[in-house]
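**Q** I'd like to ask you about the structure that follows.
Protein chains: 2
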Amino acid sequence: MAAQKPSIPKGTRDFSPIEMSRRNYIFSTIREVFRKYGFQQIETPAMENLSTLLGKYGEEGDKLLFRILNSGDFLSGVDSGEFSDPDHAALAGKISKRGLRYDLTVPFARFVVQHRNEITFPFKRYQVQPVWRADNPQKGRYREFYQCDADMIGSDSLINEYELIKLIDEVFNRLKLKVTVKLNNRKILAGISEVIGESSRIVDITVAIDKLEKIGRDNVRNELLGKGMDKARLDLLDPVFDMKGNNEEKLSFLKNYLRDSETGLKGIAELETVMGYLSLDPPLGTTIELDITLARGLNYYTGAIIEVKSDEVNIGSICGGGRYDDLTGIFGMPDVSGVGISFGADRIYDVLMQLDRFPASAEEHTQVMFVNFGEKEIQYILPILGILRSKGIIAEIYPDGAKLKKQFSYADNSFIPFVAIAGDQEIAEKKVTLKDMKSGEQNLVTVEELINMLKA
Amino acid sequence: MAAQKPSIPKGTRDFSPIEMSRRNYIFSTIREVFRKYGFQQIETPAMENLSTLLGKYGEEGDKLLFRILNSGDFLSGVDSGEFSDPDHAALAGKISKRGLRYDLTVPFARFVVQHRNEITFPFKRYQVQPVWRADNPQKGRYREFYQCDADMIGSDSLINEYELIKLIDEVFNRLKLKVTVKLNNRKILAGISEVIGESSRIVDITVAIDKLEKIGRDNVRNELLGKGMDKARLDLLDPVFDMKGNNEEKLSFLKNYLRDSETGLKGIAELETVMGYLSLDPPLGTTIELDITLARGLNYYTGAIIEVKSDEVNIGSICGGGRYDDLTGIFGMPDVSGVGISFGADRIYDVLMQLDRFPASAEEHTQVMFVNFGEKEIQYILPILGILRSKGIIAEIYPDGAKLKKQFSYADNSFIPFVAIAGDQEIAEKKVTLKDMKSGEQNLVTVEELINMLKA
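Right, here's the structure in full:
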C-alpha cells in the first residue's frame, strides 16, 4: 500500500504530553472540587440512539449531530426510490440509528429516567466527557471537545444555587484566576416583560438590553420597534435602560420597578436569598455581579442564570449554568427540576495559557534519568531504579547504549531536571553522580542522598 | 412529543457512581504506574479519517469499524446508479469519510508520523481512551470499551521489555491481584518452524502446540497433517510436545533443540536477558512463566510476546503486548520499532468484583451530611460546611427542609457514614451533634473536634 500522509478530521485535535499535563491539571482541579461538594461521577456512552438525541437541540442542533452509519448492510430495508427522494433526512434516518452525543445534558436526562429506580434523589451528579458537534470549525470552536458538568436534580432549594456558586468560586481560586460570577434570574426578565405588558417578548427584550452598551439606546429601540413592539410600552423600558449602580442599588431599583409583578418579585427574592447565603463566611474569592442582560439558555432556564467571565482575559464565558424545571419530561418523567453548571475547559485552558499561569507542577516530567553505559552498569542501576520508584520518584533509564550526547539531549528535550551517572568509580563506591541539568552542578551521592535530593 | 422509553445502543454501557469509583480506582492505579515509569500521556480524537483506519485490521476489522455519515448533504456527489451497485462498501466510502477509532495503536502510529518533528525519541507514551467496535455484543464484550496502552518506540533495547514487565508487576501488586506473566518470543517459534523445515507454517504450528493440552497429541497431529504438513517433519515436533519443567529446564531444552537456528537462539538469548534483568532486586511480586504456546499477535509481533493471566479467576488474558518492528511504515515512516502493552480494564474490573477485592477507599462517598432544619440552621451550618471543605473533607448539606426520615434515608442510601445535626441547643453551644450512621452513636462536638473525627 502506498504511504499515506496522515492527518486528522477537521475540527478535531491531538493532545501532546505537555498539553495533556495542562489539561489534566484543569480537569483534576474541577473533578476534585466536584467531589468535595458531594457530586458523584457518572459516564454515558459516546453513542446514543438518534431517537434520544433528535429534536432536543432545535432544528439547527439536529443538523449538527454526527450520525453513525448502521453497521452490516446499512442499505437493507431501504427502497431504491428513497435515494432519489430529495429529503435526504428521511434516508439518513433509515441508514443511521445512532449518533454521537451533542452535550452531556440530554444523555444525563436519559440516564436519570432509565435508572430512576436505582437513583437516590436529590441526585448530585458530575460528568466529564467529550461531546461532538458538526459545527464549522473556527478559532476556539472544535468538533470534539470536553464538557465538565455538575447538576443537582430533584430539589428546589436555593442552597443548590449557593453550593454551585461556592464550587465555581473554589475552582477558580484553585486555578488562581480572577473571575466575575454574573447572576440573573429568568423570573426578573419575565417580570420586566410583564410590567411593560409584553410578556411574550421576553427574549427580544433581554437581547435588546444586552445590546444596549454595544449599539446604543436608539438602535436598540429601533430594533424593538422593528419587531412590532408598541412605542408606549417601549418607553416603559427606559428606567431599565438607565439602571446603574452596585448589586444593592440594582436590586432596590428592580424591587420598585417590579412591584406589580409577582413573578418579578419572586425572582428578586430568590436572588437575595442566594446572595445572602454567599455573604456568609468563608468569604468568596470572586466577585458576584447582578447582570440582568444575562440571557443564556432563556428557552429552558426557569430561575437562576449563571455565567462566569474572566477579569483578566477578554474571552467569552468560561463557565455557565442555571435552574431548569423539567429535565426529563421528554422521556416521560415529569417534574424533575434542578440546577446545573458546565465548565468550558478549552477556554479555561486558553486563559491560563494567555496569562502564563499553569503552575510548574502541572507539567509532570520524569524527575531523574539514568545514563546507560552498558550491561555492567545496567545491572547496577536497575535495582536503584526500583528503590527510587518505590519511593514514588518518577525515574527512568535511557534504554539504549547510545552516545552520551544523545542521551543528554533526550533528557534535555524531555525536561528531565536531573541525570544520574554510574560508571566504574560510582559502582565501586556504591554511589551515583547526580547532575543538575539546569545549573550543571554535579554531586557524588549515596542512594539515600539521591532520594532525599529528588524528594526535596 | 410522546414520551420515549429511553435506552442505549446495544453493546454500550452507562456507568453509575459506584461503578465509576471502581473504574477510577483501576484507571488511576494504571495511570500512576505509567507515570512513575516515565510514560507520557497523549490523546487522539475519537474520529479518525477512514483512510487512516481502513486496511489496518484485516477484512474483518474493516467491517467492525463504526463509520460516521458525512455531515451536511451526505449524498452530494453520489451517482444514483451507485445505490443499486451491490457493493455497498463503495457507497459507504462515498457517504462516510470518518470512523470511530478501533484501537489505540493505529491512531498512535498516525500521531507519531504526523508529529515526528515534535517528538523526542525514544518516545514513551501512554493513552487511556475508549475504542469502538461493531462486534456482536456478548458477556464481557462491548461495542465501547477503554484501552490502557503504554508503548516505548524508537528503541531496540531489551530494557524496555524489562521496564514493561516491572510495570505490569507493580500495577497488579497495587491492585492486590495474583497474576502470572507469560513470556514468549516470536523468534523461538520461528526457530522451531525452521528446525523442522516448515518456516512458513509458524502460525499453524504455534496454534497446534497451543491446543495440545486441550485436544491431545493425536488430534493436533491430524490437524497439521490435514493442513498438508509432511509426516516426517511433524515427527520432529515430538520433543517440543514433550517439553516440560520450569523456565530453566525449558530454556535448556530449547537451546539444544534450536541449536541450528540462529533466529531461535536469538529468541532464547533475548528471553534470557530480560529474565536476567527481572531476577535483580527488587524482587517481582508476580510469577514469570516461559510459555511457547503464546501465539498472541503473531502477525505483527517480532520479538517478545507478553500475556498476563489471573492466578485466582478463570478469565482470558487481562494484559498483553509484545515487540514489533514497524509501527509506522504504513504511514510512510519506516523502521520505527517498539514494544507495548495494553491493560484490559473491563476484565480487571470483573476479576476484582469476583474476588470482592475493591478496597473500601475505591468507593469515595461524602463523609458527612448536615441535616437541614430550616433557614436559621442553614445560616449556622453553611460557614461550618466551608471550614470542613477547606480541610479537604467531602461534606454536604441536605438541600431541602424535608422530613428528617427522608434526610436520613438519603444519607443511608448514599453510604454517607456521618450525619451532623445542628438545632437550637447546638447553635447556642456553638457545637454540632455528630451521628455515626453505622453504630448509631451520637456525640456533641465542637467544629474542631468534628474535623478531627472526620479526618481520622
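Protein chains in written order, with this note's numbering: chain C, 3 to 458; chain P, 3 to 458. C-beta atoms are modelled at their ideal positions from N, C-alpha and C, and glycine is treated no differently.
(1) The stretch 280-301 of chain P: which residues have C-beta closer than 8 Å to a C-beta of chain C, in chain order?
(2) Taking the straight line between their C-alpha atoms, what separation do you get for D212/C and C150/P?
(3) Just to make sure I have the definition right: I need the residues of chain C whose C-beta is within less than 8 Å of the C-beta of I70/P. Which are they?
(4) Going by Cα to Cα distance, which pick from G13/P, H90/P, E163/P is closest to T275/P?
(5) Cα separation between L52/P and R69/P?
(6) Between which two residues does the beta strand (DSSP E) carrying P132/C extend?
(7) Per DSSP, I167/C is paired with what?
(8) Just the Cα atoms here: how many angstroms apart are T435/P and P284/C?
(9) Please report the straight-line C-alpha distance between L177/C and I28/C, rounded to a whole angstrom.
(10) Look at the alpha carbon of A458/C and the alpha carbon of R37/P, and state the distance between them as a whole number of angstroms.
(11) Closer than 7 Å between beta carbons: that is the criterion. Which residues of the stretch 166-193 of chain P meet it against chain C?
(12) Under the three-state reduction of DSSP, which class applies to R24/C: helix, strand or coil?
(13) Distance cutoff 8 Å, beta carbons only. Does M3/C sit that close to anything in chain P?
(14) What residue from V35/C, L66/C, I383/C, D64/C has the CA that sits closest to E428/C's CA?
(15) Within 10 angstroms of the Cβ of V108/C, are there 16 or more other Cβ atoms? Answer buried if so, exposed if not.
(16) Consult DSSP for M335/P and reduce its assignment to one of helix, strand or coil.
(17) Would you say V338/C faces chain P, with C-beta separation under 8 Å as the test?
(18) Assuming N187/P and I307/P make a contact with CB atoms under 8 Å, what is their CB distance in whole Å?
(19) Under 8 Å, Cβ to Cβ, is there at least one residue of chain P near Y59/C?
(20) Measuring alpha carbon to alpha carbon, tell me which residue in R391/C, G403/C, K432/C, K440/C is nearest D414/C.
(21) Would you kindly check if the distance between the Cβ of D240/P and the Cβ of V197/P is under 8 Å?
(22) Using the beta-carbon count (16 or more within 10 Å), is A136/P buried or exposed?
(23) Is there a Cβ of chain C sitting closer than 8 Å to that of L77/P, yes or no?
(24) Using the Cα positions of L446/C and F372/C, report the straight-line distance between them to the nearest angstrom.
(25) Taking the alpha carbon of K327/P as the reference point, which residue from G342/P, T46/P, K433/P has its own alpha carbon closest?
(26) Which two residues bound the contiguous beta strand (DSSP E) that contains M371/C?
(27) Could you check whether the Cβ of E146/P sits closer than 8 Å to any Cβ belonging to chain C?
(28) Using a Cβ-Cβ cutoff of less than 8 Å, which residues in the same chain neighbour E165/C once the five nearest sequence positions on both sides are dropped?
(29) Taking the beta strand (DSSP E) that R325/P belongs to, which residues open and close that run?
(30) Using the beta-carbon of each residue, which ones in chain P are nearer than 8 Å to N162/C?
(31) Given I317/C, which residues of its chain have a CB within under 7 Å of its CB, disregarding the five upstream and five downstream residues?
(32) Between which two residues does the beta strand (DSSP E) containing N51/C stretch?
(33) May I ask you to verify whether the stretch 55-69 of chain P touches the stretch 80-91 of chain C, counting CB pairs closer than 8 Å and requiring at least 3?
(34) What residues of chain C sit near R112/P, judged by a beta carbon separation below 8 Å?
(35) Do P401/P and I161/C have their beta-carbon atoms positioned less than 8 Å apart in this structure?
(36) For E264/C, count neighbouring Cβ atoms within 10 angstroms of its own Cβ and tell me buried if that reaches 16, exposed if not.
**A** In short, the structure shows the following:
(1) L282, D283, P284
(2) Cα to Cα, D212/C sits roughly 48 Å from C150/P.
(3) F68, R69, I70, L71, L102
(4) E163/P
(5) 8 Å
(6) 125-134
(7) As computed with DSSP, I167/C is found in no beta bridge at all.
(8) One C-alpha to the other measures close to 22 Å.
(9) 8 Å
(10) Inter-residue distance for A458/C and R37/P is about 19 Å (C-alpha atoms, whole angstroms).
(11) none
(12) helix
(13) Unreliable positioning characterises M3/C in this predicted model, as indicated by a pLDDT of 47, which lies under 50. The coordinate reading is nonetheless provided below. Taking Cβ atoms only, chain P reaches closer than 8 Å to M3/C, which makes this a yes.
(14) Selected option, being the one with the closest Cα: I383/C.
(15) buried
(16) In the structure shown, M335/P sits in coil (DSSP, three-state: anything other than H, G, I, E or B).
(17) It does not; no Cβ of chain P falls within 8 Å.
(18) 7 Å
(19) no
(20) Looking at the Cα atoms, K440/C is the closest of the given residues.
(21) no
(22) buried
(23) yes
(24) Spanning the two alpha carbons is a distance of roughly 14 Å.
(25) Here the sequence assigns Asp to residue 327/P, which means Lys is not the residue at that position. The residue with the shortest Cα to Cα distance from D327/P is G342/P.
(26) 370-372
(27) yes
(28) Y39, M154
(29) Per DSSP, R325/P belongs to the beta strand (DSSP E) from 321-326.
(30) P401
(31) Its chain contains R349, D352, V353 as the residues whose beta carbon lies nearer than 7 Å to that of I317/C, once the 5 sequence neighbours on both sides are disregarded; these appear in chain order.
(32) 49-51
(33) no
(34) P8, I10
(35) With contacts defined as CB atoms closer than 8 Å, I161/C and P401/P qualify as a contacting pair.
(36) exposed
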